[in-house]
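Numbered by our numbering, the letters in the sequence shown go through residues 29 to 370 in order.
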Amino acid sequence: MDEQVSETAIRKDEHLQICLEKDVNTRLSAGFESIKLKVSALPGLDFDKIDTSKEIFGRTLRAPLLISSMTGGSQASKYYNQILAQAAEHFGIAMGVGSQRAAIENMELEESFRIVRKAAPNALLFANLGVAQLNQGYGIEECQRAVDMIEADGLYLHLNGLQEALQPEGNRNFSYLLNKIEAICKVLLVPVLVKEVGCGIDKDSATKLVDVGVKAIDVAGLGGTSWAAVEMYRQNDPVRKEVSERFINWGIPTVTALKNLEELQGKVVIISSGGLDSGIDMAKSLALGTDLCGFARKFLLAAEKGEPALYQTIEQILLELKISLFCTGSGSLTEIKGKWYS
Ligand SMILES: Cc1cc2nc3c(=O)[nH]c(=O)nc-3n(C[C@H](O)[C@H](O)[C@H](O)COP(=O)(O)O)c2cc1C
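Following this line, the structure appears as structure tokens:
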């Protein structure tokens with residue numbers, strides 16, 4: 029293993045530990061408290077017949093819930109990938125793995141990702157690489173390898189400009205990336221999704237990405253895990269530590285980001301994530317017109333406590349979603365669309 033390779037795996041473990049042990053939440057909210065659902069006192073439907081299923085990229089989900097991209101790439105994170113994938117299979121929901129860069133650099137780490145498809149043979153699964161890697165020698169070959177590693181149904185490319193800027197070792201060359209993303213979209217055998225990691229995606233960037241062939245935008249907005257906070261805890265240098273702290277509330281709150289993407293609804297899959305905390309937040313996201321809702325750190329913290337805690341967390345979210353659908357008189361996911369005011 030060369031120095032660069034081990035650095036990637038070590039960094040992944042540091043991120044995981046910090047996210048488990050420290051308060052890494054933004055101080056500003058994702059904005060769901062500003063959205064009210066239009067409730068119906070006479071829903072006119074049978075709770076037990078509410079349909080929460082959703083078809084995305086050829087797979088039918090039992091609910092539009094996604095375990096957002098987090099782990100893999102180190103021995104420690106294999107446990108999380110396995111338990112999260114088992115939950116995805118059990119509940120019929122989707123899952124993304126964390127950045128596969130460490131395993132592209134060192135094949136010995138592939139198993140920490142492969143375990144996901146083994147544990148979730150029927151789940152909608154997304155591979156993951158950083159967009160910044162496309163300027164570090166990565167191309168279609170590495171993207172296809174990431175997809176093949178977990179027999180993924182799609183590839184997430186993550187945008188993390190702020191994080192890379194804050195990391196002393198960050199890859200900060202983000203020039204000409206749109207052309208490179210377009211090239212990947214043209215050749216890759218599965219759809220390309222683009223996500224942020226907690227700062228949100230603006231309308232202009234999202235539109236350009238869709239124009240070059242991206243099939244899903246995951247806003248991953250401000251309001252939940254803050255990578256500035258994570259980097260603040262990692263830094264020893266006092267200047268970088270303070271700079272990181274100042275960026276903790278940087279970005280577009282998730283609800284604002286979702287509203288900004290209204291024109292893209294129906295053209296591509298829109299994913300709500302970043303600070304979602306409940307099935308009510310899911311219902312509000314669906315009312316705003318999104319297709320799928322992702323939770324990251326909430327599931328990580330539950331998984332740390334073990335399988336029963338993780339399953340209970342997911343069951344609770346799904347129950348809250350179903351109650352929200354019932355009490356807004358929505359027999360299916362499409363029926364809640366537009367049923368909000370602020
Ligand atoms: C421990 C941890 C590791 C993460 N690693 C990745 C990653 O490798 N790739 C990625 O696209 N996003 C990664 N994320 C970001 C999440 O997918 C998500 O966009 C972000 O945490 C916001 O969601 P949340 O507020 O529900 O945590 C990670 C998040 C956590 C908590």
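Note that CB positions come from ideal geometry on N, CA and C, so glycine has one too. All of these numbers come straight from a predicted model, not from anything done at the bench.
- Message: Let me check you understand the geometry: is the CB of residue 207 closer than 8 Å to at least one non-hydrogen atom of ligand 1?
- Response: no
So what does residue 271 bridge to, in DSSP terms? The partner list for residue 271 (beta bridge, DSSP) is empty, contrary to what the question assumes.
Q) Residues bridged to residue 368 by DSSP? A) 65
How is residue 59 classed by DSSP in three states: helix, strand or coil? coil
Exercise. Does the separation of the CB atoms of residue 212 and residue 167 fall below 9 Å?
Worked result: yes
### Task
Identify whether residue 249 lies in helix, strand or coil by the three-state DSSP scheme.
coil
- Name, in chain order, the residues that DSSP records as bridge partners for residue 388. Nothing can be reported for residue 388, as the shown portion of the chain is limited to 29 through 370.
- Task: Quick one: using the 10 Å Cβ neighbour count with 16 as the cut-off for buried, is residue 75 buried or exposed?
- Result: exposed
field: Euclidean distance between Cα positions of residue 201 and residue 207
entry: 14 Å
Exercise. What does a CB cutoff of less than 8 Å around residue 151 pick up in its chain, not counting 5 residues either side in sequence?
Worked result: 87, 113, 116, 117, 120, 121, 122 and 123
Exercise. If you run the structure through DSSP and keep just helix, strand and coil, what is residue 293?
Worked result: strand
Jot down the residue ranges of each uninterrupted alpha helix (DSSP H) in the stretch 304 to 351, minimum 4 residues, whole runs only, in chain order. 307 to 315 and 325 to 333
How far does the alpha helix (DSSP H) with residue 87 in it extend, from its first residue to its last? No alpha helix (DSSP H) contains residue 87, which is instead part of the beta strand (DSSP E) from 87 to 89.
By Cβ distance, which residues of its chain are closer than 7 Å to residue 218, with the 5 residues on each side in sequence left out? 175, 180, 181, 182 and 183
Separation of residue 35 from residue 325, as counted between CA atoms: 23 Å
### Message
I believe residue 368 touches residue 289 by the beta-carbon criterion, under 8 Å. Please report the beta-carbon distance rounded to the nearest angstrom.
### Response
The pair is not a contact, with the Cβ atoms about 15 Å apart (cut-off 8 Å).
Practice problem: Specify, as a first and last residue, the run of the beta strand (DSSP E) that residue 138 falls within. | Solution: It is not in any beta strand (DSSP E) - residue 138 carries neither H nor E in the DSSP assignment.
Between the alpha carbons of residue 300 and residue 134, how many angstroms are there, rounded? 32 Å
* Asked: Between residue 45 and chain B, is there a C-beta pair that is closer than 9 Å?
  -> Within the model displayed, chain B is absent; a lone protein chain is all it includes.
Count the other CB atoms within 10 Å of the CB of residue 108; is the residue buried (16 or more) or exposed (fewer)? buried
query = Taking buried to mean at least 16 other C-beta atoms within 10 Å of its own C-beta, is residue 29 buried or exposed?
reply = For residue 29, the predicted model reports a pLDDT of 43, less than 50, meaning its position is unreliable; a value from the coordinates is still stated below. With fewer than 16 Cβ atoms within 10 Å of its Cβ, residue 29 is classed as exposed.
task = Might you give, ordered along the chain, the residues of its own chain that have their beta carbon closer than 6 Å to the beta carbon of residue 358, omitting 5 neighbours on each side?
result = 364
What residue range does the beta strand (DSSP E) around residue 82 cover? 82 to 84
_Taking its Cβ as the centre, do 16 or more other Cβ atoms sit within 10 Å of residue 67, making it buried, or is it exposed?_
exposed
For residue 199, which beta-bridge partners are listed by DSSP?
Partner(s): none; residue 199 has no beta bridge.
TODO: Please work out which residues of its chain come closer than 6 Å, Cβ to Cβ, to residue 79, disregarding the five sequence neighbours upstream and downstream, and give them in chain order.
DONE: 360
Going straight from the alpha carbon of residue 136 to that of residue 197, what length do you get? 23 Å
Exercise for review: Would you mind sorting residue 97 into buried or exposed? The rule is 16 or more other CB atoms within 10 Å of its CB.
Suggested key: buried
Review point. The alpha helix (DSSP H) spanning residue 209 covers which residue range?
Key: 205 to 215
**Asked** Taking 8 Å as the cut-off, is the CB of residue 248 close to at least one heavy atom of ligand 1?
**Response** yes
Those residues which DSSP pairs with residue 53 across a bridge: 253
Requested in this report: Give the DSSP-derived three-state secondary structure of residue 29 in the structure shown.
Outcome: Note that residue 29 has pLDDT 43, beneath the 50 cutoff, so the model's placement of it is unreliable and no number is given.
Label residue 366 either buried or exposed according to how many other C-beta atoms from any shown protein chain fall within 10 Å of its C-beta, with 16 as the threshold for buried.
exposed
(Q) Can you tell me whether residue 159 is helix, strand or coil according to DSSP? (A) helix
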